[in-house]
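Visitor: In the working numbering, the protein residues as written are 125 to 405.
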């Protein structure tokens with residue numbers, strides 16, 4: 125029994141585990157290994173899909189199932205299979221409605237084997253290639269089910285994730301309005317989150333990082349849930365946590381919600397969390 129044997133720690137990926145350039149600080153890797161050596165269970169809780177996270181699986185020393193698609197699925201890295209997934213009802217018809225309704229935004233569906241794209245967008249394809257995510261351009265009627273996570277994005281002008289954190293005031297307001305319309309019109313079947321300022325994520329109703337993280341902690345017989353995140357799609361997880369942490373350079377809204385604030389993502393957020401846990405526990 126180690127000092128962290130009662131803890132499951134879940135961390136967001138982009139700008140929580142990683143720095144601004146999508147690199148994982150070595151201090152975070154060392155902190156995770158130290159945490160696990162003292163009995164802790166560590167995993168990721170990210171909006172990323174299996175294809176978008178597969179490249180990073182060997183780089184992050186997790187020892188519990190991954191929480192992917194904003195909590196809509198659990199993935200076992202040993203068997204390379206989903207342990208569980210929650211489907212959005214409506215399938216192809218819903219995707220067609222979303223695609224036709226908001227032509228100014230770029231719609232994709234994040235599947236288990238591939239990301240499915242419905243419009244030509246060379247920069248988007250470069251972005252997916254940069255992260256090693258398999259993708260296919262298809263017509264909507266060819267979309268394989270289950271429908272786990274559709275996503276809207278603003279205009280692509282770069283191949284890195286940094287582009288989603290900034291935008292013109294007009295574009296950001298439009299994305300906010302679209303998210304609100306989606307909640308009003310489809311809130312009976314799915315959750316809608318602004319994951320980053322220029323990305324809208326959708327997953328099944330009553331599914332969230334927080335609910336899945338707590339269920340996983342209970343299934344693994346962990347009494348304490350420690351969660352780390354930087355964005356609005358992390359709020360459910362942070363509120364569910366016994367000890368919630370945010371980096372000091374998180375989304376400004378999170379700084380006023382009463383969460384524990386630690387070092388910036390560039391300086392090793394998970395390292396900072398571990399140092400705080402040593403004081404608390």
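Yeah, the Cβ is synthetic: ideal placement off N, Cα and C, and Gly gets one too.
What's the C-alpha gap between residue 356 and residue 251?
Guide: Locating residue 356 in the chain shown gives position 232, counting from the first residue. Locating residue 251 in the chain shown gives position 127, counting from the first residue. About 22 Å.
Visitor: Nearest CA to the CA of residue 240: which residue from 262, 255 and 349?
Guide: Position 116 of the chain shown, counted from the start, is the residue given in the question as residue 240. Answer by Cα proximity: 262.
Visitor: Apart from the five residues on each side of it in sequence, which residues of its chain come closer than 7 Å, Cβ to Cβ, to residue 238?
Guide: Start at 1 with the first residue of the chain shown, and residue 238 comes out as number 114. So the list reads 175, 258, 259 and 260, once near-sequence residues are dropped.
Visitor: Would you kindly work out how many angstroms separate the C-alpha atoms of residue 125 and residue 345, rounded to a whole number?
Guide: One-based indexing of the chain shown puts residue 125 at position 1. One-based indexing of the chain shown puts residue 345 at position 221. If I take the Cα positions, the gap works out to 14 Å.
Visitor: Is the distance from the Cβ of residue 352 to the Cβ of residue 221 below 8 Å?
Guide: On the chain shown, position 228 is the one that residue 352 refers to. On the chain shown, position 97 is the one that residue 221 refers to. The answer is no: Cβ separation not under 8 Å.
Visitor: What separation, rounded to the nearest whole angstrom, lies between the Cα atoms of residue 385 and residue 326?
Guide: Mapped onto the chain shown, residue 385 falls at position 261. Mapped onto the chain shown, residue 326 falls at position 202. Straight-line Cα distance between these residues: approximately 27 Å.
Visitor: Quick check on residue 283: does DSSP put it in helix, strand or coil?
Guide: Within the chain shown, numbered from 1, the residue matching residue 283 stands at position 159. Coil.
Visitor: Answer yes if the region 363-370 comes into contact with the region 329-343, meaning at least three C-beta pairs across the two stretches below 8 Å, and no otherwise.
Guide: yes
Visitor: Which ranges would you report for the alpha helix (DSSP H) in the region 156-195 if only whole runs of at least 4 residues count?
Guide: Whole alpha helix (DSSP H) segments, 4+ residues: 174-177.
Visitor: Nearest by alpha-carbon distance to residue 339: which of 169, 159 and 147 is it?
Guide: To locate residue 339, count along the chain shown from 1; it is residue 215. Minimum Cα distance to residue 339 is reached at 169.
Visitor: What residue range does the alpha helix (DSSP H) around residue 226 cover?
Guide: Locating residue 226 in the chain shown gives position 102, counting from the first residue. Element bounds for residue 226: n/a, residue is neither H nor E.
Visitor: Does the contact criterion of 3 or more C-beta pairs under 8 Å hold for the region 302-313 versus the region 198-211?
Guide: With a cut-off of 8 Å, the region 198-211 and the region 302-313 do not count as touching, because too few Cβ pairs lie within range.
Visitor: Using a Cβ-Cβ cut-off of 8 Å (strictly less than) and excluding sequence neighbours within five positions of residue 188, which residues of its own chain qualify?
Guide: Taking the first residue of the chain shown as position 1, residue 188 is located at position 64. Hits under 8 Å: 132, 165, 166, 167, 340 and 344.
Visitor: Quick check on residue 207: buried or exposed, where buried means 16 or more other Cβ atoms within 10 Å of its Cβ?
Guide: By 1-based counting over the chain shown, the position of residue 207 is 83. So residue 207 counts as exposed.
Visitor: Note down, in chain order, each residue of its chain lying with its Cβ closer than 7 Å to the Cβ of residue 151, except the 5 sequence neighbours on either side.
Guide: Indexing the chain shown from 1 puts residue 151 at position 27. Hits under 7 Å: 392 and 395.
Visitor: In this structure, how does DSSP classify residue 203 when only helix, strand and coil are distinguished?
Guide: Locating residue 203 in the chain shown gives position 79, where the first residue counts as 1. Reduced to three states, the DSSP call for residue 203 is coil.
Visitor: For residue 225, is the classification buried or exposed, using 16 other Cβ atoms within 10 angstroms of its Cβ as the cut-off for buried?
Guide: What you label residue 225 is simply residue 101 of the chain shown in a count that begins at 1. Answer is exposed; the Cβ neighbour count stays below 16.
Visitor: To the nearest angstrom, report how far apart residue 178 and residue 197 are at their CA atoms.
Guide: The count along the chain shown starts at 1 and reaches residue 178 at position 54. The count along the chain shown starts at 1 and reaches residue 197 at position 73. Spanning the two alpha carbons is a distance of roughly 14 Å.
Visitor: Any idea what DSSP makes of residue 133, helix, strand or coil?
Guide: Translated into the one-based positions of the chain shown, residue 133 becomes position 9. Looking at residue 133 - three-state DSSP - the assignment turns out to be strand.
Visitor: What residue range is occupied by the uninterrupted beta strand (DSSP E) comprising residue 404?
Guide: In the chain shown, residue 404 corresponds to position 280, counting from 1. Not the beta strand (DSSP E): residue 404 falls in the alpha helix (DSSP H), residues 393-404.
Visitor: Would the beta-carbon of residue 171 fall within 8 Å of that of residue 328?
Guide: The count along the chain shown starts at 1 and reaches residue 171 at position 47. The count along the chain shown starts at 1 and reaches residue 328 at position 204. No, Cβ-Cβ distance for residue 171 and residue 328 is not below 8 Å.
Visitor: Tell me the DSSP secondary structure of residue 350 in three-state form.
Guide: Here the question's residue 350 lines up with position 226 in the chain shown. Of the three classes helix, strand and coil, the one that applies to residue 350 here is strand, per DSSP.
Visitor: Pairs of beta-carbons, one from the region 228-237 and one from the region 265-276, closer than 8 Å: are there three or more?
Guide: Yes: the two stretches touch, three or more of their Cβ pairs being nearer than 8 Å.
Visitor: What's the C-alpha gap between residue 163 and residue 219?
Guide: For this step, residue 163 is matched to residue 39 along the chain shown. For this step, residue 219 is matched to residue 95 along the chain shown. Each residue's Cα considered, the two are about 43 Å apart.
Visitor: Applying the 10 Å Cβ sphere with the 16-neighbour rule, what's the burial state of residue 203?
Guide: Within the chain shown, numbered from 1, the residue matching residue 203 stands at position 79. Counting Cβ neighbours within 10 Å, residue 203 comes out exposed, since fewer than 16 surround it.
Visitor: Please report the residue range of the alpha helix (DSSP H) in which residue 250 lies.
Guide: As a first step, residue 250 must be located in the chain shown, where it is residue number 126. Segment 246-254, the alpha helix (DSSP H) holding residue 250.
Visitor: Between the Cα of residue 155 and those of 138, 322, 186 and 145, spot the shortest distance and give me the residue it belongs to.
Guide: Numbered from 1 along the chain shown, position 31 holds the residue referred to as residue 155. The shortest C-alpha separation from residue 155 is found at 186.
Visitor: For residue 253, does the count of other Cβ atoms within 10 angstroms reach 16, so buried, or fall short, so exposed?
Guide: On the chain shown, position 129 is the one that residue 253 refers to. Counting Cβ neighbours within 10 Å, residue 253 comes out exposed, since fewer than 16 surround it.
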